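Beneath this line is the structure, given in structure tokens, with notes to follow.
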Amino acid sequence: MTTSKEIIVSRIRKGKRQFSFDLGGKSTASLIYQNMFCTKAVASINGLQWKIERKGFWKRQMTVTAQQSPYTKTNITFGWSHKMSVHTEDNNAYEFRPLSFWQRCWGWFDSGGQKVIEMKSHRLSGKRRGV
């Protein structure tokens, strides 16, 4: 059995779309958008970077491209009910879907339906955005 760890998502600067992911009081990752209404972002974890770009209006998808070797490119498609599905190179499938409407919770589920990650949003908080 694995133990769960809590990662706190906080906004770095007010008015900008820059977020920090903190584990145990230490910043482990960041997500930085180019400007307020941009669909392009850069995610960085431990010195590694990925470019993220959202595309489409009716058929939405997100493209994640690695900026270092191996230069992988992953397309994530969105369903009509705000579900995302990701198929990894080792044939594992993961689905991102809402858990609760009123509590603003989402989760990543594997192909067997087991919950891998749970996320909670704090939408009224200006700095602390989620757990």
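Just so we're aligned: 695 in this note's numbering is position 53 of the sequence shown, and the numbers increase by one with no gaps anywhere. Glycine residues also receive a C-beta, built at the ideal position from the N, C-alpha and C atoms. Please read all numbers here as calculations on a predicted model, not as lab measurements.
Rounded distance between the beta-carbons of residue j and residue i, thought under 8 Å
i    : j    : result
K715 : T707 : 5 Å
Beta-ladder partner(s) of residue i, from DSSP
i    : result
N717 : T705
C680 : Answer is none; C680 lacks a bridge partner.
I687 : A671 and L690
A740 : It should be pointed out that residue 740 corresponds to Pro in this sequence rather than to Ala. Paired residues: W748.
Q660 : I674
S711 : Beta-bridge pairing links S711 to no other residue.
Reference residue i; option with closest CA among the options
i    : options                   : result
L673 : V728, S652, V758 and D732 : S652
K699 : F720, V728 and D664       : Inspection of the sequence shows that residue 699 is occupied by Phe rather than by Lys. Ranking F720, V728 and D664 by Cα distance to F699 puts F720 first.
F756 : L741, F661 and Q660       : The identity of residue 756 in the sequence shown is Gln, whereas the question assumes Phe. Considering only alpha carbons, the answer is L741.
S753 : R655, M761 and H729       : H729
G666 : W748, R655, M678 and K647 : K647
I718 : T705, D732 and N734       : T705
Residues near residue i by beta carbon distance below 7 Å, same chain, minus five either side
i    : result
Q709 : Q691, W692 and K693
S686 : A671 and S672
Close Cβ partners of residue i (< 6 Å) along its chain, the five nearest in sequence each way excluded
i    : result
K697 : Q703
D664 : I650
T670 : F663
R739 : K725
Close Cβ partners of residue i (< 8 Å) along its chain, the five nearest in sequence each way excluded
i    : result
I759 : G749 and W750
C747 : P740, L741, E760, M761, K762 and S763
W722 : none
Q745 : K762
T681 : E695, R696 and K697
A735 : S727, V728, H729, D752 and S753
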